[in-house]
Each structure stands twice: as structure tokens, then as C-alpha cells.
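Undergrad: I have a structure I would like to understand better, so I am pasting it below and will then ask my questions one at a time.
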Amino acid sequence: MSKEPVAVVGIGQTRHVAARRDVSLAGLVREAARRALRDAELTWADIDAVVIGKAPDFFEGVMMPELYLADALGAVGKPMLRVHTAGSVGGSTALVAANLVAARVHTTVLTLAFEKQSESNAMWGLSLPIPFQQPLLAGAGGFFAPHIRAYMRRSGAPETVGALVAYKDRRNALKNPYAHLHEHDITLDKVMASPMLWDPIRYSETCPSSDGACAMILTDRAGAARAPRPPAWMLGGAMRSEPTLFAGKDFVSPQAGQDCAADVYRQAGITDPRREIDGAEIYVPFSWYEPMWLENLGFAGEGEGWKLTEAGVTELDGDLPVNMSGGVLSTNPIGASGMIRFAEAALQVRGQAGEHQVDGARRVLGHAYGGGSQFFSMWLVGDRPPDS
Amino acid sequence: MSAVLKAPLVVEFPFTRSLGPVQSAFLTGLRERVVLGVRTGDGRTLVPPVEYDPVTAEELHDLVEVAPTGTVTTWAWNPAPRRGQPLTTPFAWVLVRLDGADTALLHALDAPGPAAVHTGMPVRIRWAGERTGAITDIACFEPYDGRRAEPAGHTGEFEAPVTGIVAAARLDYTYSPGRAQTAYINALSGRRTMGERCPSCRKVYVPPRGACPTCGVATSEQVEVGPRGTVTTFCIVNIKAKNLDIEVPYVYAHIALDGAGLALHGRIGGIPYDEVRMGLRVEPVWTDGARYPDHYRPTGEPDADYDTYKELL
Ligand SMILES: [Zn+2]
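Structure representation (C-alpha cells):
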């Protein structure tokens with residue numbers, strides 16, 4: 000028996016900001032879920048199951064959020080699951096929810112991911128003082144910066160490419176009312192002049208810390224037929240993992256990422272992603288990861304990703320826009336960031352992305368990764384059902 | 000084989016929590032010696048209150064005061080209180096349904112022994128002397144045979160409400176790096192770097208983890224690597240980390256020791272930070288009493304050819 004087609008019929012986000020002191024975690028997730036229900040014109044009673052994700056427990060110090068948040072998400076008496084894959088969690092959470100619909104286990108599923116970085120401490124969570132180990136580094140930037148240098152060496156990319164990505168994403172964010180950073184006076188010179196934190200990563204080429212939540216309502220073909228607004232259809236979705244460290248690991252273009260993308264394209268019948276995909280929301284927490292992931296995802300050949308960025312191909316009005324929403328570089332509630340990528344991809348093919356809408360976007364990729372480039376999750380969504 | 004290393008690992012952090020309207024009123028109420036519940040759509044009063052109706056999922060706003068007296072609905076004796084628990088002497092964990100409430104609140108009951116506790120016993124709140132707007136404003140419950148108190152009808156409006164709390168989290172672990180890393184750490188004390196070779200793919204893991212993550216097989220063959228190695232990639236750290244006693248800027252590098260199948264991480268010294276490059280040949284610099292090399296310095300050899308280390312970034 001074939002799989003049930005999966006449609007996104009409701010999307011809700013909070014306005015992402017540095018600190019939401021006015022709401023509890025429950026209040027924050029509730030806001031996103033309510034907006035998704037409103038978008039789908041559904042009520043709590045229409046939801047059959049709830050699948051949530053958040054950042055690692057150490058970040059926020061909240062264990063078993065699914066227990067605490069069941070009331071807020073109308074999950075009492077319904078199945079509720081929590082998914083846990085580090086930074087990619089928002090993407091894999093959406094895929095677990097989608098699989099429940101595709102397998103006809105449930106008809107309509109609410110999926111949601113969140114984080115309050117203002118009440119959390121990722122730097123601390125990532126830098127526990129492990130006995131017998133030599134403390135050398137704190138935080139994610141220092142971990143990823145050497146891999147960026149390796150990419151620059153391997154590809155011969157000019158040093159300016161990272162700044163171009165940051166300048167583009169911050170300008171895109173100005174068109175997205177939900178984005179955290181709205182730097183109205185951003186210039187390329189300002190990005191270039193920002194201090195080097197972990198050379199080659201400049202301050203303006205790093206993501207902010209945000210509070211936010213993102214929710215989606217996924218449903219089957221019959222649910223999509225009742226939807227008040229155009230649905231987005233899942234054309235392919237996949238997850239892959241690999242160890243954080245192993246002999247032969249390619250940090251610049253991890254095998255798990257390549258395999259994950261290939262699986263998604265195979266499901267969707269995509270043979271030439273660069274030509275057949277109209278845009279991508281890619282998890283880019285440090286600017287240089289745009290050209291790196293363009294290669295990993297098959298949009299460019301090895302060592303060629305930076306050329307797309309430099310030529311303006313990934314600009315909002317380019318041939319392959321990337322991070323039309325402003326991306327992780329403009330909004331980063333870590334636990335929610337992957338789902339925001341997935342949801343923004345769906346908004347594009349629904350024609351609901353507002354000022355950052357790409358005209359005629361029919362197929363858009365949502366991408367997330369997490370851990371030390373350890374977990375990958377992706378989906379491709381389209382404006383038509385998979386078999387049409 | 001020498002004993003596997005062990006050490007305490009304490010993980011603690013003062014997390015902050017924004018309360019939202021309902022928990023803000025509840026905790027501010029405790030500060031003012033007022034216990035508030037919330038009324039649900041079906042007319043029940045939940046204490047402690049919740050923000051959303053567990054039955055209908057609707058948002059709840061209707062705060063109602065309940066009495067500081069109530070009844071134990073069930074209990075468990077705690078003979079050995081641990082750090083951070085409400086009382087330092089043995090006590091009963093109790094669920095107490097306060098008069099006027101339909102649900103029970105978890106807290107501690109100060110009682111001389113388990114024989115003095117029973118389900119159905121009447122109790123009352125013993126307030127803490129100093130109250131800040133936290134669940135600990137209720138010091139504990141105590142047995143009480145007197146008159147049931149009447150709630151005063153408070154609606155949850157307070158001057159200077161508490162809007163956030165600090166929730167200190169602490170976990171106490173006994174950490175062990177395991178058999179393979181214990182051997183590695185012990186060898187370092189003799190200034191030797193020992194890895195383990197995978198019997199299947201023949202790659203040498205440094206530090207060893209006792210298994211090859213690619214082949215999924217145990218490793219045991221000891222292989223000495225280094226002491227020299229090659230900087231395969233690096234970054235220049237310009238921000239000082241709070242818990243790290245290293246002056247900035249410094250170079251954090253991936254170093255493939257000669258013979259190792261992957262790079263380990265270390266600091267580069269003995270050369271200006273802006274002269275460090277990929278391919279630089281380095282050797283460890285030890286200081287007395289340190290478990291690890293303090294840093295790695297240039298050996299003076301010609302730089303390694305990119306092709307010799309490009310798989311070891
Ligand atoms: Zn192996």
C-alpha cells in the first residue's frame with residue numbers, strides 16, 4: 000500500500016526576540032500552536048496527536064517537556080511524543096509527525112519545536128568541565144571555525160564570501176516580521192568590520208540567541224481538501240546520522256548530509272536539484288555554512304558552492320534563493336530553528352511568505368543539522384501533491 | 000590492567016524561568032500568604048493552578064483563593080532527607096488537598112515519624128519566615144486539629160508581582176572515562192600518546208574510545224603515536240571564555256599526530272598566532288605536573304604537503 004500524501008495546512012510562529020519574559024515556556028509554545036490552528040482553521044479537538052522537539056535538556060534545564068507542556072498543547076488524552084536530535088531537532092520532529100500521517104497512524108498531527116535561549120545557556124551546556132579532559136574551548140563557534148577554514152582551503156573561496164551570506168540573510172530578515180534581527184542599517188562594510196570572534200568567523204557572521212517557537216499542522220489528503228488555504232505537500236523527507244568524530248569524517252561535506260539529500264531527491268524524483276528546486280531554507284548558523292551546504296546538498300559541485308553565493312544566485316531575487324526568511328543567522332531559538340526552516344519552505348510553496356515570498360516557488364527544500372554535524376533532517380515540499 | 004579512573008562531576012546551573020500570568024499570581028500569592036487555585040471550565044479548582052485546562056485545553060484566568068488548611072490524600076515517609084529538600088529532619092512527602100480545592104498539592108509534612116501520618120489527616124500550611132514568591136514560601140505542612148480556615152476571596156491582583164524565578168539545577172555524577180581513555184591518560188603522565196588501532200579498518204584512534212565508531216568493533220591494540228604532528232586546520236580564538244584560563248588571542252588547532260587516524264585538538268604556541276598555518280609541523284610542550292601538553296610548538300620542519308593530511312582535518 001502506498002503512503003498517504005502529507006500536507007502542511009497550518010503554520011504558526013512567535014515573533015522571535017532575544018527574551019520573552021512575558022510568557023512561560025507553556026505560554027510560548029501555546030502562541031505558536033494557536034497561530035498554526037488559526038491558519039488551518041482547526042480547533043484542538045481536530046488534532047489527533049502532538050509531536051514536539053526542543054534543544055538538549057542541559058541547554059534549558061527542562062527535562063520531559065512533553066509532560067509539562069501537554070496541557071498547553073491540548074495533548075491530554077492524545078498520543079504525545081518528544082524528539083531529540085540536537086540542533087536538527089526541529090526538522091526531525093516535523094518528519095516524525097509527517098511519518099505518522101504518511102503511515103496513516105493519525106490523520107492530523109500538531110508538531111512544534113521551541114526554545115527560550117534567554118532562560119537557557121547553550122554555551123554552558125556545550126562546555127561542561129569533564130574530568131580528565133583538557134579545557135580548550137567554549138561554545139559552538141570555536142568548534143565550527145576550523146571546519147570553515149578547511150572549506151576555504153579546499154575550495155579556494157575568497158575570504159569575502161562569508162560576509163556576503165551574512166549581509167544577504169540580514170537583509171532578507173528585514174522582510175520577515177517574525178525574524179529576530181532587524182538590522183535596518185546593515186551594510187556589507189559593517190559585516191566586514193565586525194570583530195573576528197573565532198577567526199575566520201566574524202561576529203556578524205554568527206547567529207543570535209533567540210526565544211521562539213514554531214508549529215505546523217500536518218494532515219492527510221482529505222484534511223488538505225478541507226483546508227482553507229493552499230497546502231504545502233511533502234514530496235520527500237529523510238534523516239541521517241553519523242558519529243561526531245571518526246577517522247575519515249568529512250566535516251566540510253559530511254556523508255550523512257549527502258546521503259540524506261540524495262534520499263529526499265530520490266523520493267521526490269529530483270535529478271537536478273539546482274534546476275528543479277526553486278529555493279532552500281538551509282540551517283546556516285555561521286555564514287560560511289551556506290556555500291558548504293550548497294555543495295553537501297548537491298546544488299553545486301565540490302568546491303563550487305561559494306560561486307553561487309558570490310554571483311548572487313542565493314539572493315532573494317536570485318536563481319536559487321537561500322534563506323529567504325533571514326535564516327538561522329537572523330533567528331536562532333536553537334530547538335525551533337530546524338522547524339522554522341521546514342515551515343518557511345512550506346510557506347513559500349503555499350505562497351504565504353509575504354514580503355520574502357519567491358515568485359512562483361513550487362518546490363522548496365527545508366534543511367536542518369545538529370550536533371557536531373552529526374544529525375541531518377530535510378524535507379522537500381511542493382505546491383502540488385506528490386503523485387500529480 | 001590499572002584501575003579505571005573515576006572522578007566526581009557536578010553539573011549545576013541557575014536557570015531562570017519566566018512565570019506567565021498564572022504562575023506569577025500563584026507564587027506572588029504565597030509571598031503574601033495567599034494560596035490561589037484556578038477555576039476550570041467544568042467548575043473545578045486546581046491547586047497548584049495551571050495555565051491551560053487539562054480537559055478542554057482552553058486558557059485559564061479565573062483565580063480563586065483556597066484555604067491554608069487541608070487534608071492529606073496520600074503520603075510517603077522520607078527517612079533520609081537530601082540536600083535541597085524542604086526539611087533537614089525525616090519528614091513525609093504528602094499530597095494535600097487544601098480546603099476549597101479539587102486537586103492536591105505536593106509538599107512536605109513535618110511529623111515525628113511515620114506512625115504520626117495517615118491519609119485523611121488534617122494539616123495546615125507552616126509559612127516560611129522570609130518569603131520571596133516561591134514554592135518554598137510554604138516551609139512545610141504541619142498536623143492541625145483546629146478550625147478550618149476560610150479563604151478571604153482574593154482574586155490574584157498583587158502589588159509588585161513576581162514575574163520570574165531562579166530554578167537552580169544540580170546533578171551529581173561519578174564520571175569515568177572508561178578503560179581505553181584511562182590507559183591513554185595514564186600514558187600521558189609518562190609523556191607518551193597512546194592510541195588504539197581498529198582491527199578492521201586499521202585506523203588508529205587518538206584518544207581511543209575502546210571501539211571504532213565506523214566498524215562497530217572493540218579496539219585494544221595499543222599504538223604509540225607522535226610526538227610530532229601536523230596542524231591540519233585551526234581557528235584563532237579572540238574571545239575569552241569565563242571558565243578558561245587562556246589568554247587571547249590563541250590558536251586552537253586540529254593536530255594529526257604522526258601515526259594517528261584522526262586529529263586531536265590542542266593549542267599552538269611558540270609562534271605568533273597570525274603565522275600559524277595549515278600543514279605546520281608541531282611537537283608537544285610539557286609542563287611539570289600537567290596531565291596534557293600545555294601547547295604544541297613548531298618543530299622547524301618544512302610544512303607538510305596538503306595531500307598528506309587532507310583526510311585528517
Ligand atoms: Zn574501524
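Protein sequence lines correspond, in order, to chains A and B.
Residues 0 to 387 (numbering that gives the first Met the number 0) are what the first sequence spells out, left to right.
Residues 0 to 312 (numbering that gives the first Met the number 0) are what the second sequence spells out, left to right.
Note that the Cβ used here is the ideal one computed from N, Cα and C, for glycine as well.
Note that this is a predicted model, so its numbers are computed, not measured.
So, is the C-beta of residue 58/B closer than 9 Å to a C-beta in chain A?
TA: In the second sequence, the residue the question calls residue 58/B occupies position 59. Taking Cβ atoms only, chain A reaches closer than 9 Å to residue 58/B, which makes this a yes.
Undergrad: Is it a yes or a no for the stretch 250-264 of chain B touching the stretch 197-205 of chain B, going by three-plus beta-carbon pairs under 8 Å?
TA: yes
Undergrad: May I ask you to list the residues that DSSP assigns as paired with residue 76/B?
TA: Start at 1 with the first residue of the second sequence, and residue 76/B comes out as number 77. Its beta-bridge partners are 91/B.
Undergrad: Which ranges would you report for the beta strand (DSSP E) in the stretch 171-213 of chain B if only whole runs of at least 3 residues count?
TA: 192-196
Undergrad: Cα separation between residue 313/B and residue 251/B?
TA: No answer is possible for residue 313/B: it lies beyond the span of chain B, which begins at 0 and ends at 312.
Undergrad: My parser needs the beta strand (DSSP E) runs of 3 or more residues fully inside the stretch 330-371 of chain A; what are they?
TA: 362-369
Undergrad: May I ask you to list, following chain order, the residues of the stretch 229-240 of chain B that have a beta carbon less than 8 Å from some beta carbon of chain E?
TA: Of the protein chains in the structure, A and B, none is chain E.
Undergrad: Let me know the secondary structure DSSP gives residue 264/B once reduced to three states.
TA: Residue numbering aside, residue 264/B sits at position 265 when the second sequence is read from its first letter. Residue 264/B falls in the strand class under three-state DSSP.
Undergrad: Just to be sure I understand the criterion: a residue counts if its Cβ is closer than 7 Å to at least one heavy atom of ligand 1. Which residues meet that?
TA: 197/B, 199/B, 200/B, 202/B, 211/B, 213/B, 214/B, 216/B
Undergrad: When the distance is taken between beta carbons, is residue 175/A closer than 9 Å to residue 286/A?
TA: Here residue 286/A corresponds to residue number 287 of the first sequence, with the count starting at 1. Here residue 175/A corresponds to residue number 176 of the first sequence, with the count starting at 1. Going by C-beta atoms, residue 286/A is not nearer than 9 Å to residue 175/A.
Undergrad: Residues bridged to residue 115/A by DSSP?
TA: Indexing the first sequence from 1 puts residue 115/A at position 116. For residue 115/A, which the question treats as bridged, DSSP gives the partners 210/A.
Undergrad: Bridge partners of residue 233/B, per DSSP?
TA: Here the question's residue 233/B lines up with position 234 in the second sequence. Its beta-bridge partners are 252/B.
Undergrad: What did DSSP end up calling residue 62/B once you bin it into helix, strand or coil?
TA: As a working note, residue 62/B is residue 63 in the second sequence. Reduced to three states, the DSSP call for residue 62/B is strand.
Undergrad: Residue 310/B touches chain A at which residues, Cβ-Cβ below 9 Å?
TA: For the purposes of this step, residue 310/B is taken as residue 311 along the second sequence, with counting starting at 1. Under the 9 Å cutoff, chain A gives 246, 247, 249.
Undergrad: For a quick check, are the C-beta atoms of residue 242/B and residue 157/A less than 9 Å apart?
TA: Indexing the second sequence from 1 puts residue 242/B at position 243. Indexing the first sequence from 1 puts residue 157/A at position 158. Their beta carbons are not under 9 Å apart, which means residue 242/B does not touch residue 157/A by this criterion.
Undergrad: Could you name the residues of the stretch 319-330 of chain A whose beta carbon sits closer than 9 Å to any beta carbon of chain B, in the order they occur along the chain?
TA: Shown here is that no member of the stretch 319-330 of chain A has a Cβ falling below 9 Å from a Cβ of chain B.
Undergrad: What residues match up with residue 228/B in a beta bridge as DSSP calls it?
TA: By one-based count along the second sequence, residue 228/B stands at place 229. Paired residues: 256/B, 281/B.
Undergrad: Indicate whether residue 335/A and residue 380/A have their beta-carbon atoms separated by less than 9 Å.
TA: Along the first sequence, read from residue 1 onward, the residue named residue 335/A stands at position 336. Along the first sequence, read from residue 1 onward, the residue named residue 380/A stands at position 381. No, they are not a contact pair.
Undergrad: Quick test of your reading: residue 293/A and residue 267/A, contact by CB under 8 Å. State the CB separation rounded to the nearest angstrom.
TA: For the purposes of this step, residue 293/A is taken as the residue at position 294 of the first sequence. For the purposes of this step, residue 267/A is taken as the residue at position 268 of the first sequence. At roughly 18 Å, the Cβ-Cβ gap does not stay under 8 Å, so residue 293/A and residue 267/A are not in contact.
Undergrad: Between the alpha carbons of residue 97/A and residue 109/A, how many angstroms are there, rounded?
TA: On the first sequence, position 98 is the one that residue 97/A refers to. On the first sequence, position 110 is the one that residue 109/A refers to. When rounded, the distance between both Cα atoms is 10 Å.
Undergrad: Apart from the five residues just before and just after residue 361/A, which ones in its own chain have a Cβ nearer than 8 Å to its Cβ?
TA: Locating residue 361/A in the first sequence gives position 362, where the first residue counts as 1. Excluding positions up to five away in sequence, the list reads 277, 348, 381, 382, 383.
Undergrad: Taking any Cβ of chain B, which residues in the stretch 71-104 of chain A have a Cβ under 9 Å from it, in chain order?
TA: 71, 72, 73, 74, 75, 76
Undergrad: In whole angstroms, what separates the C-alpha of residue 293/B from that of residue 303/B?
TA: Locating residue 293/B in the second sequence gives position 294, where the first residue counts as 1. Locating residue 303/B in the second sequence gives position 304, where the first residue counts as 1. Those two C-alpha atoms are separated by around 23 Å.
Undergrad: Using C-beta distances below 7 Å, list every residue in its chain close to residue 168/B, excluding the 5 sequence neighbours before and after it, in chain order.
TA: Translated into the one-based positions of the second sequence, residue 168/B becomes position 169. The beta carbon of residue 168/B sits closer than 7 Å to those of 11, 12, 14, all from its chain and outside the five residues before and after it, given in chain order.
Undergrad: Let me know the secondary structure DSSP gives residue 247/B once reduced to three states.
TA: Walking along the second sequence from the start, residue 247/B turns up at place 248. Residue 247/B: coil per DSSP, three-state reduction.
Undergrad: Quick check: the stretch 241-252 of chain A against the stretch 23-40 of chain B, are there 3 or more CB pairs under 8 Å?
TA: no
Undergrad: Tell me whether residue 129/A sits in a helix, a strand or coil according to DSSP, three-state version.
TA: Against the first sequence, residue 129/A aligns to sequence position 130. Three-state result, residue 129/A: coil.
Undergrad: Under a CB-based cut-off of 9 Å, is residue 12/B close to chain A?
TA: Here residue 12/B refers to the residue found at position 13 when the second sequence is read from its first residue. Residue 12/B counts as touching chain A.
Undergrad: Return the bridge partner residues of residue 377/A from the DSSP annotation.
TA: Position 378 of the first sequence, counted from the first residue, corresponds to residue 377/A. 237/A, 366/A, per the DSSP bridge assignment.
Undergrad: If I follow the unbroken alpha helix (DSSP H) through residue 95/A, where does it start and stop?
TA: Residue numbering aside, residue 95/A sits at position 96 when the first sequence is read from its first letter. Unbroken alpha helix (DSSP H) run through residue 95/A: 88-101.
Undergrad: Residue 212/A: buried (16+ other C-beta within 10 angstroms of its C-beta) or exposed?
TA: Counting from 1 along the first sequence, the entry for residue 212/A is found at position 213. Buried is the call here.
Undergrad: Quick one: list the residues of chain A neighbouring residue 168/B, beta-carbon separation under 8 Å, in chain order.
TA: Taking the first residue of the second sequence as position 1, residue 168/B is located at position 169. Those are 60, listed as they occur along chain A.
Undergrad: Please list, in chain order, the chain A residues whose beta carbon lies closer than 8 Å to that of residue 105/B.
TA: On the second sequence, residue 105/B is found 106 positions in, with the first residue counted as 1. The premise fails here: residue 105/B is roughly 14 Å from chain A at the closest Cβ pair, so nothing lies under 8 Å.
Undergrad: Starting from the C-beta of residue 125/B, find all residues in its chain whose C-beta is less than 6 Å away, skip the five residues before and the five after it, and write them out in chain order.
TA: Within the second sequence, residue 125/B is the residue found at index 126, counting from 1. Once the five neighbours on either side are set aside, the close Cβ partners of residue 125/B are 138, 139, 141.
Undergrad: Assign residue 7/B to buried or exposed, taking buried as 16 or more other Cβ atoms, counted over all protein chains shown, within 10 Å of its Cβ.
TA: Residue mapping note: residue 7/B aligns to position 8 of the second sequence, counting from 1. The residue in question, residue 7/B, is exposed, as its Cβ has fewer than 16 Cβ neighbours within 10 Å.
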